[in-house]
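Beneath this line is the structure, given in structure tokens, with notes to follow.
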Amino acid sequence: MGLADIAKGLFDRKVRIDPEALRKTKPTRNTFVVAETQEDGTVILMALLSSQGRGVIGKIAQKAGKPDVKHFELETVGAFVWNLCDGKHTFEGISKKLREEFKLDRLEADASLSAFLQMLSQRKLITMMVATKK
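Under the working numbering, think of the first position of the sequence shown as 7, with each following residue one higher.
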């Protein structure tokens, strides 16, 4: 293990979670995100950037009068998943509903759901609540 590997390990922010634990996580929408459902079924998410810690660049943009809101548009499948990110449904439960609603096989649903939730999490639109053992 070289110095580069050690440095990477120290600064790697990706949290590794085993697949079994992932199935039990409960995606939860962050409270600073406002969602508007459109007539066509798409959902527009509006995230307040000041709630996400914009940093120096964000403060400069704010002083310049730039919008403090970032918009995201979710199409049918994304909107379906977003509505299930309520802290009650587990990853496994959402995957099952995806398979039923959109006629996907398990591998397809799990891979797509995992990638989508990761994207939402990276943008701080959701948090993944991990079940704790009692």
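All C-beta atoms, glycine included, are put in the ideal place defined by N, C-alpha and C.
Predicted, not measured: the structure shown is a model, and the values here were computed from it.
In terms of alpha-carbon separation, which member of the options lies closest to residue i?
i          : options        : result
residue 49 : 38, 25, 78, 35 : 78
residue 40 : 28, 30, 46, 55 : 55
residue 44 : 38, 69, 85, 74 : 85
residue 30 : 122, 96, 133   : 96
Name, in chain order, the residues that DSSP records as bridge partners for residue i.
i           : result
residue 132 : 35
residue 141 : With the chain covering 7 to 140 only, the question about residue 141 has no answer from this structure.
residue 80  : 49
Could you check if residue i is buried or exposed, using at least 16 other CB atoms within 10 Å of its CB as the buried criterion?
i           : result
residue 87  : buried
residue 136 : exposed
residue 113 : exposed
residue 109 : exposed
residue 32  : buried
Report the CB separation of residue i from residue j in whole angstroms; it is logged as a contact under 8 Å.
i           : j           : result
residue 34  : residue 93  : 4 Å
residue 101 : residue 116 : 5 Å
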